[in-house]
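Student: Pasting in a structure now, in structure tokens, and then I'll have a few things to ask.
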């Protein structure tokens, strides 16, 4: 024989099952919300990290540009100093050459005068 379960027990069991089902659905909803929040948080962190990385890259770019300009200015100054030295040396060489030319010209004139005087006496 089958045992007949009273309707109050069935109602109580249905109530408990409904309550359990609601708790499961609530837990699923909370879990889904947690996953969505975690996803949003991860997107936010990634966006912030990307922004920080771009700022760091831009800062490094400016530093490198400044360093490059500094090196170029230093090299330009070195080249200008080298050019000035070459010009000074060339000027000194020119003056020395002119002095030597005048000295040789004077010596040549003296030799011509001596030769001329010797010819006149002869």
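Numbering (the working numbering), first residue to last: 231 to 352.
Just so it is clear, CB atoms sit at the ideal spot from N, CA and C, and this is done for glycine as well.
Quick check: what's the CA-CA separation for residue 283 versus residue 290?
Tutor: Each residue's Cα considered, the two are about 10 Å apart.
Student: Taking only three categories from DSSP, how would you classify residue 363?
Tutor: One cannot answer for residue 363 here, as it falls past the ends of the chain, which runs 231 to 352.
Student: By how many angstroms is the C-alpha of residue 349 removed from the C-alpha of residue 342?
Tutor: Near 10 Å, if we compare the C-alpha coordinates of residue 349 and residue 342.
Student: What is the DSSP secondary structure of residue 296, counted as helix, strand or coil?
Tutor: Of the three classes helix, strand and coil, the one that applies to residue 296 here is helix, per DSSP.
Student: Please classify residue 233: does DSSP put it in a helix, a strand, or coil?
Tutor: Coil at residue 233, not helix or strand.
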